[in-house]
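Structure first, then comments.
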Amino acid sequence: MQPAYVTATAQCLPGRPIANDEMADYIGRLSPEAERFGRLTLRQNGIRHRHYAIRPNGTSDWTVAKLAGNAVRALIDDAGLDKSRIGFLATATTQNDMLVPGLASGVHAESGLPPMELASLQSVCASSMMALKSAALQVAAGEHRAAIAVGAEFSSRYFRPGHYLGTDTMQADGTLPGDAEFLRWTLSDGAAGLLIEDHPAPRGLSLRIDWISLRSFADRFQPCMTGGAARGADGALLPWSLHDSAGEAARAGAFQLRQDVEALHRMLPVWMGEFMRLVDEGRIDPGATDWFLCHYSAHSLREEMVTLATRAGCMIPEDRWFANIYDKGNVGAAAIFLMIDDLMRSGRLRGGQKIVCAVPESGQCIMAYAGMTVMEDGQ
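So the number in this note's numbering is just where the residue sits in the sequence shown, counting from 1, plus 1487.
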């Protein structure tokens, strides 16, 4: 297997940054009580700004495929690469625009790329790492000389009042269950992509992909972050397609995004255990790691992760952490690619530096890590 390199990065964030006091103008107002819960959530997640692909009146010119397509076009322009050299496209998202076809087909159509091989990866945040590993392996195996991995999200469209009013989940005081309300004030929109080639860029920075590790622990956990199902009287999740009608599924709240925060916290030790496994295997050396790019949905979760890592004696010093969630929001499957793009453009990278990326996913407990080495001027 030959090495694979990230040779270019790009992103697409729709509209201007939206401050906390403007959020309700975009996702809509349910009740004063709901907005009070939102302010509490914002204190926990620490996010100050985010981007929305939706207008305050609920309309939009965007789709998740268009967001990803814009990121791909920006990526190609930035790299100055002949489109015909790109043979593989892997896409990642939490929720596609349509049930069928896959997102990769829509992004291919939006990107202007020629006929090519595709892969549509759908999970939650870790789908980005699935796409990256898929693209990197295609290049490393010699199947294609150049590939693109892109992650995109359009979460705000699911947070408008129309998705909640008239459903069984709306409570008398105009609030939602906490597992639904939390995500309204946490998730946002955008896309980012990486170009992976079989050689480093002749000028500027590249990232050699040294390894990628992704493990599911769905054998130990029930679904934590869900969309497309509702719990019945017995507490079991019933997929929307097994309700008597789409209307009944909607009334039951099956199309609402939910996250069981208590279950999320039970996953933290498992995610940390994966980190320690990689330290034991010699893949991660905390002391030799120059940059740690960790995706997390809230600052409070970061604090818990720091506590666990410190107790375990494998803490990467916080001055080596790189984060952009506070000003760009939690963009799910696009988050780690946004971080990589921002770090590549920060002017802070030097040849030989070691980068560790970490993407925990609460969907049904996935933990993904990647190790990269910074290369300069075709090194």
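Note that the Cβ used here is the ideal one computed from N, Cα and C, for glycine as well.
Everything numeric in this text was worked out from a predicted model, so none of it was measured.
The beta carbons of Ala-1822 and His-1782 sit closer together than 8 Å.
The Cβ atoms of Phe-1646 and Leu-1554 do not sit closer than 8 Å to each other. Residues of the same chain with their beta carbon placed closer than 7 Å to that of Gly-1800 are lacking, with the five preceding and five following residues left out of the count.
The residue from Cys-1499, Gln-1489, Ala-1491, Ile-1573 with its alpha-carbon nearest to that of Leu-1825 is Cys-1499. Gly-1858 sits in a strand when the DSSP states are folded into three classes. Between Pro-1504 and Asp-1814, the beta carbon gap of about 7 Å places them in contact (Cβ cut-off 8 Å). In terms of CA proximity to Leu-1586, Gly-1715 leads the group Met-1754, Asp-1864, Gly-1715, Gly-1734. Here DSSP, grouped into helix, strand and coil, assigns Thr-1578 to strand.
Contact between the segment 1828 to 1843 and the segment 1770 to 1782 is established, with three or more Cβ pairs separated by less than 8 Å. Scanning its chain for C-beta atoms nearer than 6 Å, with the 5 sequence neighbours on each side dropped, one finds around Leu-1674 the residues Ser-1642, Asn-1817, in chain order.
The Cβ neighbour count for Gln-1658, taken over all protein chains shown within 10 Å, is under 16; the residue is labelled exposed. Runs of the beta strand (DSSP E) lying entirely within the segment 1596 to 1669 and spanning at least 3 residues, in chain order: 1604 to 1609, 1633 to 1640. Beta-bridge partners assigned by DSSP to Tyr-1492: Glu-1684, Arg-1695. The shortest CA-to-CA distance from Met-1754 to any of Ile-1812, Leu-1663, Ile-1853, Glu-1684 is the one to Ile-1853. Boundaries of the beta strand (DSSP E) around Phe-1779: 1778 to 1781. The Cβ atoms of Ala-1720 and Glu-1684 lie no closer than 8 Å to each other.
Non-local beta-carbon contacts of Val-1611 in its own chain, meaning distances under 6 Å to residues more than five positions away in sequence, involve Thr-1581, Met-1712, Glu-1848, Gly-1850 in chain order. If you check the CB distance, Ala-1558 and Val-1493 do not come in under 8 Å. Contact annotation, Ala-1491 with Ala-1627: C-beta distance approximately 5 Å; criterion of less than 8 Å satisfied.
Exposed is the label assigned to Asn-1544, since fewer than 16 other Cβ atoms lie within 10 Å of its Cβ. Proximity to Gln-1746 across Thr-1662, Asp-1666, Val-1846 peaks at Asp-1666, based on C-alpha coordinates. By the C-beta density criterion, Asp-1806 is exposed, having fewer than 16 other C-beta atoms within 10 angstroms. In the three-state scheme derived from DSSP, where H, G and I count as helix and E and B as strand, Ser-1700 is classed as strand. Across the structure, Gln-1743 and His-1650 are spaced so that their CA atoms are roughly 7 Å apart.
Taking the Cα of His-1538 as reference, the smallest distance to any Cα among Trp-1549, Arg-1530, Thr-1528 is reached at Trp-1549.
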